[in-house]
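Visitor: Reading the sequence shown from the start, the letters are residues 11 to 122 in the numbering used here.
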Amino acid sequence: MEVWFMWLARLMFLGIFLMAGGMLFRVWAIAVRKDDRYVADWRGRKIGDGRTWATTVLAVNVFCGVGLLGVGVSVLLLGLELTTWMGLAAFVLWTYYFLLQLASQRAKRLSP
């Protein structure tokens, strides 16, 4: 493979850990600090009433943060191929996006 492509793949691999860290930070902020500012979609827009949707957003962030962390650790321990770990990471990220989008739409529809 080309040298530039390998560097791009390495940067994307490091990005997995950064994104997982961001998701797990949201988990900590919502669960421990009870900070409703982090009850938001992937763009940072608030989802309905913070306390009402905190459990849903917390579950999505735990699931996807641990999933991305699992992909990164699997690459290191099991030596997953490039296409395999990129596919798994893409699946987790798209799941994260769609679940938060679903929660956001439900909050808009159910709000008085």
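Ideal Cβ positions, reconstructed from N, Cα and C, are used throughout, including at glycine.
Alpha carbon to alpha carbon, what distance is there between Val102 and Phe35?
Guide: Taking the straight line joining both Cα atoms gives about 17 Å.
Visitor: Helix, strand or coil for Lys44? Go by DSSP, reduced to three states.
Guide: Three-state result, Lys44: coil.
Visitor: Using 8 Å as the threshold, is the C-beta distance between Met33 and Gly60 below it?
Guide: Going by C-beta atoms, Met33 is not nearer than 8 Å to Gly60.
Visitor: Could you check whether the stretch 15-33 touches the stretch 85-105, counting it as contact only if at least three pairs of C-beta atoms, one from each stretch, sit closer than 8 Å?
Guide: Verdict: yes, contact present.
Visitor: On the criterion of 16 or more Cβ atoms from any shown chain inside 10 Å, does Val70 qualify as buried, or is it exposed?
Guide: With 16 or more Cβ atoms within 10 Å of its Cβ, Val70 is classed as buried.
Visitor: Looking at C-alpha atoms only, which residue of Ala39, Val67 and Val13 is the closest neighbour of Tyr107?
Guide: For the residues Ala39, Val67 and Val13, the minimum Cα distance to Tyr107 belongs to Val67.
Visitor: Could you tell me which residues DSSP puts in a beta bridge with Trp56?
Guide: Residue 56 is actually Lys in this sequence, not Trp. Its beta-bridge partners are Ala50.
Visitor: Excluding the 5 residues preceding and the 5 following Gly82 in the sequence, name in chain order all residues of the same chain whose CB lies nearer than 6 Å to its CB.
Guide: The answer, listed in chain order, is Ile26 and Phe27.
Visitor: Compute the distance between the beta-carbons of Trp52 and Leu110, then report whether it is under 8 Å.
Guide: For Trp52 and Leu110, yes; Cβs fall inside 8 Å.
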